[in-house]
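*Asks:* Structure incoming, see below.
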Amino acid sequence: MKISFTPLVESLPASTPFVGPETLERQIGKPFRARIGANESAFGISGMARQAITEALSDSGCSWYPDPENHELRLALAAKHGVAMDEICVDGGIDTLLGLTVRMLIAPGENVITSLGAYPTFNYQVAGHGGNLITVPYADNHEDPDALLAACQQHNGKLIYLSNPDNPMGTSHSAATIQSMIDRVPDGAVLALDEAYIDFTTDNLAPKLDTSNPKILRLRTFSKAYGMAGMRVGYIIAHKDVITSVNKIRNHFQINRLSQLAATASLADHAFLADVQKSVAERRQQVYALADEFGLPWLPSSTNFVAVDMGSSERAKATLKELGEHGIFMRMPGVAPLDRYIRVGLGTEDEHNYLTHVMREKLSTLADR
443 MKISFTPLVE SLPASTPFVG PETLERQIGK PFRARIGANE SAFGISGMAR
493 QAITEALSDS GCSWYPDPEN HELRLALAAK HGVAMDEICV DGGIDTLLGL
543 TVRMLIAPGE NVITSLGAYP TFNYQVAGHG GNLITVPYAD NHEDPDALLA
593 ACQQHNGKLI YLSNPDNPMG TSHSAATIQS MIDRVPDGAV LALDEAYIDF
643 TTDNLAPKLD TSNPKILRLR TFSKAYGMAG MRVGYIIAHK DVITSVNKIR
693 NHFQINRLSQ LAATASLADH AFLADVQKSV AERRQQVYAL ADEFGLPWLP
743 SSTNFVAVDM GSSERAKATL KELGEHGIFM RMPGVAPLDR YIRVGLGTED
793 EHNYLTHVMR EKLSTLADR
C-alpha cells in the first residue's frame, strides 16, 4: 500500500543541507584527525557550565522534564541584553528558530529574500514550508544589504535573511550598516538577522537592540563561542508580539534540562568568553600566516573560520578532497563565485599543527604554489 504524502513533501529532495562529519567518517571507516569543517568551537565549554551539568547529573537533572518556559535562562539573557523576558524566545539552536520564523511568517508561495550562497539551512527551511526563495548575489564577498532590500521591494518579500558576521565567508558589516538596513526594511516585511558568530569578535558589529521594532528578529546561539553546539540552544530577541507568536508554535520541551542549566551558567562566566575571543583572534592570525606561506589570498574574518581563496572552484574541490584523504574535515561554499574558497576552521592547536603539516608536505594542489 502506497502512503500518500502532501504535494509539498513529495516535491522536496530527500536530503539535508549538510553531510555531517560522522556520515563521512562512516563512509571512510575511520575518524577524522582534524574536524575543522563545521565551525564548532575548539575551546570547549565554560567551567561553570561543566559544573552545572555535573551537579545536575547527581540529582534529578535527567529525570525531570525541562522547564517549558526556560525561565531561568531567559531571565539571565534578559539581564545580559537589557531587554524584557517576554522579548526572548529560547529554542533548539538557530536552525530550529529559523524554521519557526519561516513557519510563523511565510505562507506557501510567498517570497523570501536571501543571498546566493548564504547559510543553506535557511533555504532548507523555506523550501520545507512552501516559501518561494529569491536570491541576490554577494558583493565583494559580503552579503549586500542594498540588494536584499531592493529585491524585497521588487518581489513583495515577506522575510529577508542576513547573517552578520557571514557564513560561509566570515566577512561582516559594521553596526551602522546593519542599522541602516533595519531602518529601511519595507512595511510588511521582516528581517531575520542571524548573529550566530557575533560573540567571536569584540568589534562593534551589532547595532543596539531595539525590541520596539517588530520588523527585526535577532537570532543568537550558544553553539559557537560558548562551545555548546551539541546541546542545541539558541534564542530570538524581538518585539513581544513576535515572541508571543513564536511561542504558539514551538516545542516547549525542546531544550533539555542539562542544556538549560549549562547555558545559564555560561552567561555568568565572563572570563571564559573573553578567553575564547582572545584564542580565536590568535588562531585567526595563524591561519592567515599559513595561507600567506602558500601565497593564498584570504578574507579578514569576524568568525571562527577563515575563507581562503584557492583561485578556482576546481582547485578548491580538489584541495578539500585531498584534505579529506589525509583525515581533515573541511567545507567550502557551494555556489559560484564563492566556491573558489575553502573554509578553514580554527581548530585546536593539535589540529592546526596537523593541517600545517599536511599543507606543507602532502597536498599536490599546493605543489605549484
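Going by my numbering, the sequence shown opens with residue 443, and the numbers climb by one from there.
Glycine residues also receive a C-beta, built at the ideal position from the N, C-alpha and C atoms.
Quick test of the definition: if touching needs 3 or more C-beta pairs under 8 Å, does the segment 698–716 touch the segment 545–561?
*Replies:* Segments in contact, no.
*Asks:* Let me know the secondary structure DSSP gives Tyr730 once reduced to three states.
*Replies:* Residue numbering aside, residue 730 sits at position 288 when the sequence shown is read from its first letter. Looking at Tyr730 - three-state DSSP - the assignment turns out to be helix.
*Asks:* Beta-carbon within less than 7 Å of Lys522's beta-carbon, same chain only, minus the 5 sequence neighbours each way: which residues are those?
*Replies:* Translated into positions along the sequence shown, residue 522 becomes position 80. Answer for Lys522: Leu709, listed in chain order.
*Asks:* Could you pull the DSSP bridge partners for Ser557 from this structure?
*Replies:* Residue mapping note: residue 557 aligns to position 115 of the sequence shown, counting from 1. In the DSSP output, where bridge partners are listed per residue, Ser557 has Val578.
*Asks:* Could you pull out every unbroken alpha helix (DSSP H) segment of at least 4 residues lying fully inside the segment 630–691, listed in chain order?
*Replies:* You should have 682–691.
*Asks:* So, under 8 Å CB-CB, Ile784 and Met772 are touching, yes? Tell me the CB distance rounded to an integer number of Å.
*Replies:* Here the question's residue 784 lines up with position 342 in the sequence shown. Here the question's residue 772 lines up with position 330 in the sequence shown. Indeed they touch by this definition, with Cβ atoms about 6 Å apart.
*Asks:* Taking 7 Å as the limit between beta carbons, can you name the residues of its chain near Asp683, skipping five residues before and five after?
*Replies:* To locate residue 683, count along the sequence shown from 1; it is residue 241. Cβ within range, chain order: Pro656.
*Asks:* Can you pull the DSSP bridge partners for Leu604?
*Replies:* Residue 604 sits at position 162 when you count from the first residue of the sequence shown. Bridge partners of Leu604: Leu635.
*Asks:* Contact between the segment 718–730 and the segment 755–764 is defined here as three or more beta-carbon pairs at a separation below 8 Å; is this criterion met?
*Replies:* At 8 Å Cβ cutoff, the stretches do not touch.
*Asks:* Compare the beta carbon distance of Pro610 and Pro739 with 8 Å and say whether it is the shorter of the two.
*Replies:* Position 168 of the sequence shown, counted from the first residue, corresponds to residue 610. Position 297 of the sequence shown, counted from the first residue, corresponds to residue 739. No, Cβ-Cβ distance for Pro610 and Pro739 is not below 8 Å.
*Asks:* Please confirm whether Val532 and Asn553 have their CB atoms less than 8 Å apart.
*Replies:* Against the sequence shown, residue 532 aligns to sequence position 90. Against the sequence shown, residue 553 aligns to sequence position 111. The answer is no: Cβ separation not under 8 Å.
*Asks:* Going by DSSP in three states, Val718 sits in which element: helix, strand or coil?
*Replies:* For the purposes of this step, residue 718 is taken as the residue at position 276 of the sequence shown. Note: Val718 maps to helix in three-state DSSP.
*Asks:* With a cut-off of 8 Å on the beta carbons, I'd call Thr563 and Asp588 a contact; round off their distance for me.
*Replies:* Numbered from its first residue, the sequence shown carries residue 563 at position 121. Numbered from its first residue, the sequence shown carries residue 588 at position 146. About 25 Å separates the two Cβ atoms, so there is no contact after all.
*Asks:* Which one of Ile470, Glu514, Ser701 and Leu499 has the shortest CA to CA distance from Tyr668?
*Replies:* For this step, residue 668 is matched to residue 226 along the sequence shown. Out of Ile470, Glu514, Ser701 and Leu499, Ser701 has the C-alpha closest to the C-alpha of Tyr668.
*Asks:* Around the C-beta of Phe460, are 16 or more other C-beta atoms found within 10 angstroms, so that it is buried, or is it exposed?
*Replies:* For the purposes of this step, residue 460 is identified with residue 18 of the sequence shown, where counting begins at 1. With fewer than 16 other Cβ atoms within 10 Å, it is exposed.
*Asks:* Secondary structure at Gly769, three-state DSSP: helix, strand or coil?
*Replies:* Walking along the sequence shown from the start, residue 769 turns up at place 327. Three-state result, Gly769: coil.
*Asks:* Given that a residue counts as buried once 16 or more other Cβ atoms are within 10 Å of its Cβ, and exposed if not, what is Pro455?
*Replies:* Locating residue 455 in the sequence shown gives position 13, where the first residue counts as 1. Classification of Pro455: exposed, given that the 10 Å Cβ count is below 16.
*Asks:* What number of angstroms, rounded off, separates the C-alpha of Glu803 from the C-alpha of Val777?
*Replies:* Looking up residue 803 in the sequence shown gives position 361. Looking up residue 777 in the sequence shown gives position 335. Looking at the two C-alpha atoms, the distance is approximately 29 Å.
*Asks:* Between Leu797, Ile530, Glu724 and Arg782, which has its C-alpha nearest Leu765's C-alpha?
*Replies:* Within the sequence shown, the letter at position 323 stands for residue 765. Of Leu797, Ile530, Glu724 and Arg782, the residue nearest in Cα terms is Leu797.
*Asks:* Let's test the definition: count the other Cβ atoms within 10 Å of the Cβ of Thr686 and tell me whether it reaches 16, buried, or not, exposed.
*Replies:* The residue labelled residue 686 in the question sits at position 244 within the sequence shown. Thr686 is exposed by the Cβ-count criterion.
*Asks:* Taking C-alpha atoms, which residue in Leu591, Leu715 and Ala713 lies nearest to Met623?
*Replies:* Numbered from 1 along the sequence shown, position 181 holds the residue referred to as residue 623. Of the listed residues, the one whose Cα sits closest to Met623 is Leu591.
*Asks:* With distances taken between CB atoms, is the gap from Ala494 to Ala704 smaller than 8 Å?
*Replies:* Start at 1 with the first residue of the sequence shown, and residue 494 comes out as number 52. Start at 1 with the first residue of the sequence shown, and residue 704 comes out as number 262. For Ala494 and Ala704, yes; Cβs fall inside 8 Å.
*Asks:* In angstroms with no decimal places, state the Cα-to-Cα distance between Ala634 and Ala520.
*Replies:* One-based indexing of the sequence shown puts residue 634 at position 192. One-based indexing of the sequence shown puts residue 520 at position 78. Computed Cα separation, rounded: 19 Å.
*Asks:* Determine the direct distance from the alpha carbon of Lys444 to that of Gly639, and round the result to whole angstroms.
*Replies:* Within the sequence shown, residue 639 is the residue found at index 197, counting from 1. Within the sequence shown, residue 444 is the residue found at index 2, counting from 1. Looking at the sequence provided, one finds Tyr at residue 639 rather than Gly. Cα to Cα, the separation comes out at about 45 Å.
*Asks:* Strictly by DSSP, which residues pair up with Phe747?
*Replies:* As a working note, residue 747 is residue 305 in the sequence shown. Phe747 pairs with Gly787.
*Asks:* Which two residues bound the contiguous beta strand (DSSP E) that contains Cys531?
*Replies:* Counting from one through the sequence shown, the residue named residue 531 turns up at place 89. Cys531 -> beta strand (DSSP E) spans Ile530 to Asp533.
*Asks:* Does Glu585 pass the burial test, meaning 16 or more other C-beta atoms within 10 Å, or should it be called exposed?
*Replies:* Taking the sequence shown and counting its residues from 1, one reaches residue 585 at position 143. By the 10 Å Cβ count, Glu585 comes out buried.
*Asks:* Are at least three pairs of beta-carbons, each pair with one atom in the segment 591–603 and one in the segment 712–723, less than 8 Å apart?
*Replies:* As far as the Cβ criterion goes, the segment 591–603 does not touch the segment 712–723, which means the pair count is below three.
*Asks:* In this structure, how does DSSP classify Arg545 when only helix, strand and coil are distinguished?
*Replies:* Here residue 545 is taken as the residue at index 103 of the sequence shown, counted from 1. It is helical.
*Asks:* Leaving aside the five residues before and after Gly541 along the sequence, list all residues of the same chain whose C-beta is less than 6 Å from its C-beta, in chain order.
*Replies:* Looking up residue 541 in the sequence shown gives position 99. So the list reads Gln567, once near-sequence residues are dropped.
*Asks:* Compare the C-alpha of Arg674 against each of Glu529, Leu661, Gln696 and Val688 and name the closest.
*Replies:* Here residue 674 is taken as the residue at index 232 of the sequence shown, counted from 1. It is Gln696 whose Cα lies nearest to the Cα of Arg674.
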